[in-house]
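Report on the structure given below.
Protein chains in written order, with this note's numbering: chain A, 1 to 113; chain B, 1001 to 1113.
Shown next as structure tokens:
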């Protein structure tokens, strides 16, 4: 069975410092992995996706994520946090051609001035 | 690219009243469509998904139902709302399978009083 674990429910960083949001997955098949961002009372916006083409994936707004099969991880990073990055972030896994996507429980990112 | 329209943006309904939330999609044909619910402090829960007109799969037994009368229209309904139906409802679509990401609407905030 598939699952996604976001290891931190809340992460707090200072503006200008690096961001690390952690995600571990389990999947019996080659997964597709995604990171989404959600600002308050808004829908989810796709940040980036991993589809087995390259292990380091670059997304929008300076975010990137690295797929590490040996660690079953897909952590999201950004070198320098901006106030506008404050939001909730979801790690998502999709197994092969499945219609279903499995969402992590989310990580709320707080950016301090 | 796909555009997803959801309305209304916010809704306050009394317990026992009916519900109808509508979602329409532009910019794609024959998409897979999804209804998710996000309760306060919780992650996304998949309620229904549809792979074609009239085809609905329910993920959890509940007070809600879904219908897909047209290719790009997905409706979430209830005959009698419960307090526990309060939440943020998100419609999403994906075109194709494999590594295609989900695209989300801006959601409907439902408060049952």
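Just so it is clear, CB atoms sit at the ideal spot from N, CA and C, and this is done for glycine as well.
In this text the structure is predicted, and so the values were computed from the model without any measurement.
Please name the residue, chosen from the options, that lies closest to residue i on a Cα-to-Cα basis.
| i | options | result |
| --- | --- | --- |
| residue 1014 of chain B | B/1083, B/1051, B/1007 and B/1060 | B/1083 |
| residue 84 of chain A | A/103, A/60 and A/106 | A/60 |
| residue 26 of chain A | A/42, A/9 and A/67 | A/67 |
| residue 74 of chain A | A/11, A/16, A/31 and A/12 | A/31 |
| residue 1085 of chain B | B/1060, B/1100, B/1023 and B/1004 | B/1060 |
| residue 1043 of chain B | A/6, A/21, A/33 and A/63 | A/6 |
| residue 99 of chain A | B/1006, B/1058 and B/1021 | B/1058 |
| residue 81 of chain A | A/20, A/50, A/55 and A/93 | A/20 |
| residue 1004 of chain B | B/1019, B/1023 and B/1010 | B/1023 |
| residue 63 of chain A | A/51, A/95, A/4 and A/76 | A/76 |
| residue 1101 of chain B | A/16, A/34, A/42 and A/57 | A/34 |
| residue 54 of chain A | A/42, A/69 and A/16 | A/69 |
Excluding five sequence neighbours on each side, which residues of the same chain lie with their C-beta closer than 8 angstroms to the C-beta of residue i?
| i | result |
| --- | --- |
| residue 1068 of chain B | 1033, 1050, 1052, 1053, 1054, 1055, 1056, 1074 and 1075 |
| residue 44 of chain A | 36, 37, 38 and 90 |
| residue 1002 of chain B | 1025, 1026, 1027, 1028, 1031, 1093, 1095 and 1103 |
| residue 1066 of chain B | 1035, 1047, 1048, 1050, 1056, 1058, 1074, 1075, 1076 and 1077 |
| residue 8 of chain A | 21, 22 and 107 |
Between which residues of its own chain and residue i is the CB-CB distance below 6 angstroms, once the five residues before and five after are set aside?
| i | result |
| --- | --- |
| residue 1090 of chain B | 1036, 1104 and 1107 |
| residue 112 of chain A | 14 |
| residue 79 of chain A | 18 |
| residue 10 of chain A | 108 |
| residue 1016 of chain B | 1080 |
| residue 1045 of chain B | 1037 |
| residue 4 of chain A | 25, 91, 93, 102 and 104 |
Counting only the same chain and skipping the five closest in sequence on each side, list residues whose C-beta sits under 7 angstroms from that of residue i.
| i | result |
| --- | --- |
| residue 1070 of chain B | 1053 |
| residue 1012 of chain B | 1111 and 1113 |
| residue 1039 of chain B | 1087 |
| residue 114 of chain A | No answer is possible for residue 114 of chain A: the residues shown for chain A start at 1 and end at 113. |
| residue 87 of chain A | 37, 38, 39 and 109 |
| residue 1008 of chain B | 1108 |
Just to check my reading of the structure: residue i and residue j have Cβ atoms closer than 8 angstroms, yes? What is that Cβ distance to the nearest angstrom?
| i | j | result |
| --- | --- | --- |
| residue 104 of chain A | residue 92 of chain A | 7 angstroms |
| residue 57 of chain A | residue 48 of chain A | 5 angstroms |
| residue 29 of chain A | residue 95 of chain A | 5 angstroms |
**Asked** Unbroken beta strand (DSSP E) runs of length 3 or more, entirely within the stretch 87-113 of chain A: which are they?
**Response** 87-95, 101-103 and 107-112
**Asked** Which residues, in chain order, does the stretch 1055-1070 of chain B contribute to contact with chain A at a C-beta distance below 9 angstroms?
**Response** 1057 and 1059
**Item:** beta strand (DSSP E) runs wholly inside the stretch 1018-1066 of chain B, at least 3 long, in chain order
**Value:** 1019-1026, 1032-1038, 1044-1052 and 1055-1058
**beta strand (DSSP E) segments (min. 3 residues) lying fully within the stretch 3-86 of chain A** = 3-6, 10-14, 19-21, 23-26, 31-38, 44-50, 56-58, 64-68 and 73-78
**Asked** Given a limit of 9 angstroms on CB to CB distance, which residues of the stretch 34-45 of chain A reach chain B?
**Response** 34, 36, 38, 41, 42, 43, 44 and 45
**Members of the stretch 1017-1028 of chain B that neighbour chain A once the beta carbon cut-off is set at 7 angstroms** = none
**Asked** In chain order, what residues of the stretch 1027-1050 of chain B put their CB closer than 9 angstroms to some CB of chain A?
**Response** 1032, 1034, 1036, 1038, 1042, 1043, 1044, 1045, 1046 and 1049
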